[in-house]
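Peer 1: Starting off with a structure, shown below.
In the UniProt record's numbering, the protein residues as written are 1 to 747.
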């Protein structure tokens, strides 16, 4: 589809080269250059990116505001008028201001507990708290009582419809006291303004009313009532602190007495009068001596066990065990030597006499006796060593028990001393706390008897004759700006309701080729508007390629999306334009005839031509180059009309006419346009300016594309030239046509 890509964005750049349609159109006209007339899309380098999108959105928003400028201006004028009325109705107000300085350098009664706990508070937060206290309803009630404002008619609560309804259900006390006081307090607080600076300790108390003297009196009354409330709060806080400290002193003294009693009971129960400075009531020297003795016993046991082990190893190896006693060692040595001599005698006898000789037997008996004496002595020595080992072990066990007993005694004594020291430390801390609380109590009792405050009035309010309100510039500016804001919002909301196309750029943004715009013209329009209309038609025809060489499209179908979109006016205008250009034009009105409509010449209808009852009208003379053929049937005749006979009629008309214009019914309602479009060289779609929905246009273009119909472009019809163009553009066009158009075109 050349020049149009409403439903397929990838076809928006570059010419359409559909081979089937190209061949069909070339064969239909019998011209080798059949496709030369098709307008080629201009390759445009479109900027892209987030910045371009935002610029486009901003520009469209500005254009929308310009189109609705009359609404914004009207609302701005109304806002200025409303501001003027408000200035005329509102009463003048006078403001009086009193300054209060807060001094946090003084010691506050309520800060005793805070200073003890080490709490740090931001002074600016404290000043803000003081400002809130001035704005409180309690201070307002104090001002009412101080100045007897409940008897002042200016602050008397007005009886409303709601109060009359709830009066029967309220008690006498509520209606006479609390409700009335609350209403007066609310009315009084409306004129109060309290400001504080976070960089200083000053609080500004301002009051506005219609009387300057009353403003000064009320501002000073609020400041004085705040100081009185601050003094009362300070005294009350000091009294609470005093009472709390008295209770804490009593509790601390009781706790200290209980701690002393616990220490006395501990002395009596454990017999420990005082804890030793180094810890432990048992003689630690005894424990050290016992541990040394146990170490010596352990070494002795180890030595005896080693001696016993060596004796067993020596006996197992056939040697005599070592004996520390010299006498026993000499005896053991003689027994070993006797055993060795007996063994030598046995060996000598066996060698000399043989194995069974009596001398051998006597020598063997002597060896057995020597061996027996050696064994007896060895057992005796081993028994002695084992006895020493047992004695060493017993000594070690005894000393170990003694060390354990001494250690247990030392641990118990240490625990008792630690507990005693803990009790003594607790008692000392309780005594010190009781002393500190007693001093704080005495200080709080002294402060509770003083009527001091941390604030003072440094500058009382004075009456002024210069009104503080209303502020005319602010009210007028606020009214105008508010009205302009409402106008902008209203204009944007109204623009969001507009879903149609306004300009060729919007069609191009959607990938749709725009042939031009057709202004809406009245039957008795001025000559300048008629000239503008004619020139717009020429531009459409030239853009569509209808005013080109003979290779231009010969059969053009004009259709629309919906009825009453200006396709008939467009077709008539194109027919006249082509006729004025010297072309022979055949105009076929293929739209269904209205019910009950009769044609002036019923014989020259489209149905008669297709049935062969009438021949194709001859080409018109140069003076009148347009021939018109209309359809006489309604909606039901389209299926029978548009077939092979219609294609034959078009082929005959190609030989006699330079241009054939076919007006088809709306695409969204009737399918005839999809059928007729296949017989046309080009299709022009009329879209009503600002009315036809974009979704409907896209849907119709999609249908034409699916039906293999070539759409040359879209024409914005019934355009309001003054709204569709900028004011200076429309004015410039009118001036140009008045200056350069010839008298004939303007007549």
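Cβ atoms here follow ideal geometry from the backbone N, Cα and C, with glycine treated the same way.
Computed from a prediction, not measured in an experiment: that's the story for all the values here.
Enumerate in chain order the residues of its own chain whose CB-to-CB distance from residue 696 is below 8 Å, with the five nearest sequence positions on each side excluded.
Peer 2: Excluding residues within five positions, the ones whose Cβ falls inside 8 Å are 561, 562 and 668.
Peer 1: For residue 285, name the three-state secondary structure that DSSP assigns.
Peer 2: In this structure, residue 285 counts as helix in the three-state DSSP scheme.
Peer 1: Just to confirm the assignment, what range does the alpha helix (DSSP H) spanning residue 648 have?
Peer 2: Element bounds for residue 648: 644 to 656.
Peer 1: Do you know how far the Cα of residue 149 is from the Cα of residue 201?
Peer 2: Straight-line Cα distance between these residues: approximately 30 Å.
Peer 1: Taking the alpha-carbon positions, what's the residue 66 to residue 659 distance?
Peer 2: Each residue's alpha carbon lies about 42 Å from the other.
Peer 1: Give the straight-line distance between the Cα atoms of residue 369 and residue 380, rounded to the nearest whole angstrom.
Peer 2: The alpha-carbon atoms of residue 369 and residue 380 are separated by roughly 17 Å.
Peer 1: Tell me, please, which residues DSSP counts as bridged to residue 706.
Peer 2: Note: residue 706 sits in no beta bridge, so no partner.
Peer 1: Looking at C-alpha atoms only, which residue of 418, 345 and 291 is the closest neighbour of residue 400?
Peer 2: Of 418, 345 and 291, the residue nearest in Cα terms is 291.
Peer 1: Where do the ends of the alpha helix (DSSP H) carrying residue 270 lie?
Peer 2: Element bounds for residue 270: 212 to 270.
Peer 1: Just the Cα atoms here: how many angstroms apart are residue 408 and residue 284?
Peer 2: The alpha-carbon atoms of residue 408 and residue 284 are separated by roughly 12 Å.
Peer 1: When DSSP builds the beta bridges, which residues end up paired with residue 605?
Peer 2: Its beta-bridge partners are 630.
Peer 1: Could you tell me how far apart the beta carbons of residue 143 and residue 441 are, in whole angstroms, since I believe they sit closer than 8 Å?
Peer 2: Actually they do not touch by this definition, with Cβ atoms about 36 Å apart.
Peer 1: Count Cβ pairs between the region 641 to 654 and the region 534 to 543 that sit closer than 8 Å; are there 3 or more?
Peer 2: Contact between the region 641 to 654 and the region 534 to 543 is absent, because fewer than three Cβ pairs lie under 8 Å.
Peer 1: Give, in chain order, every unbroken run of the alpha helix (DSSP H) that is at least 4 residues long and sits entirely within the region 439 to 509.
Peer 2: Whole alpha helix (DSSP H) segments, 4+ residues: 472 to 497 and 504 to 509.
Peer 1: Cutting at 6 Å between CB atoms, please list the residues of its own chain near residue 346, excluding the five before and the five after it.
Peer 2: Result list for residue 346: 363, 364 and 367, in chain order.
Peer 1: Which value, in whole angstroms, describes the spacing of the CA atoms of residue 198 and residue 489?
Peer 2: The alpha-carbon atoms of residue 198 and residue 489 are separated by roughly 39 Å.
Peer 1: Start and end of the alpha helix (DSSP H) containing residue 538?
Peer 2: Start and end: 527 to 544.
Peer 1: Here's the rule: buried if 16 or more other CB atoms are within 10 angstroms of the residue's CB, otherwise exposed. What is residue 25?
Peer 2: Below a pLDDT of 50, predicted positions are generally treated as unreliable, and residue 25, at 45, falls in that range; no measurement from the model is reported.
Peer 1: If you follow the beta strand (DSSP E) that residue 151 is in, where does it begin and where does it stop?
Peer 2: Taken as a continuous stretch (DSSP letters only), residue 151 belongs to no beta strand (DSSP E), as it is neither H nor E.
Peer 1: Please report how far the alpha carbon of residue 567 lies from the alpha carbon of residue 553, in whole angstroms.
Peer 2: Residue 567 and residue 553: Cα-Cα distance of roughly 19 Å.
Peer 1: Within 10 angstroms of the Cβ of residue 689, are there 16 or more other Cβ atoms? Answer buried if so, exposed if not.
Peer 2: Its Cβ being crowded by 16 or more others within 10 Å, residue 689 is buried.
Peer 1: How would you write the range of the beta strand (DSSP E) that residue 100 sits in, first residue to last?
Peer 2: Segment 94 to 102, the beta strand (DSSP E) holding residue 100.
Peer 1: Suppose you measure from the CA of residue 402 to the CA of residue 439; what does that come to, to the nearest Å?
Peer 2: So the alpha carbons of these two residues sit roughly 56 Å apart.
Peer 1: CB-CB under 7 Å to residue 131, same chain, minus the five flanking residues each way: which ones, in chain order?
Peer 2: Excluding positions up to five away in sequence, the list reads 194, 196 and 203.
Peer 1: Indicate whether the contact test is met: 3 or more Cβ pairs, each with one atom in the region 673 to 681 and one in the region 505 to 520, closer than 8 Å.
Peer 2: Verdict: no, contact absent.
Peer 1: Quick check on residue 136: does DSSP put it in helix, strand or coil?
Peer 2: Reduced to three states, the DSSP call for residue 136 is coil.
Peer 1: Per DSSP, which residues does residue 347 bridge with? Please list them.
Peer 2: Answer is none; residue 347 lacks a bridge partner.
Peer 1: Who are residue 796's beta bridge partners in DSSP?
Peer 2: Any property of residue 796 remains undetermined from this structure, which presents the chain solely from 1 to 747.
Peer 1: Report the three-state DSSP secondary structure of residue 73 (helix, strand or coil).
Peer 2: Three-state result, residue 73: helix.
Peer 1: Could you check if residue 206 is buried or exposed, using at least 16 other CB atoms within 10 Å of its CB as the buried criterion?
Peer 2: The residue is buried, with at least 16 neighbouring Cβ atoms inside 10 Å.
Peer 1: Kindly indicate the opening and closing residues of the beta strand (DSSP E) around residue 717.
Peer 2: Run containing residue 717: 711 to 719, per the beta strand (DSSP E) assignment.
Peer 1: Report buried or exposed for residue 589, applying the criterion of at least 16 other Cβ atoms within 10 angstroms of its Cβ.
Peer 2: Label assigned to residue 589: buried.
Peer 1: In whole angstroms, give me the CA-to-CA distance for residue 83 and residue 483.
Peer 2: C-alpha separation (whole angstroms): 10 Å.
Peer 1: Flag this pair as touching only if the region 464 to 482 and the region 78 to 98 have three or more C-beta atom pairs under 8 Å; answer yes or no.
Peer 2: Yes: the two stretches touch, three or more of their Cβ pairs being nearer than 8 Å.
Peer 1: Please say whether residue 475 and residue 87 have beta carbons closer to each other than 8 Å?
Peer 2: Going by C-beta atoms, residue 87 is nearer than 8 Å to residue 475.
Peer 1: Which partner residues of residue 685 appear in the DSSP bridge assignment?
Peer 2: 559 and 714.
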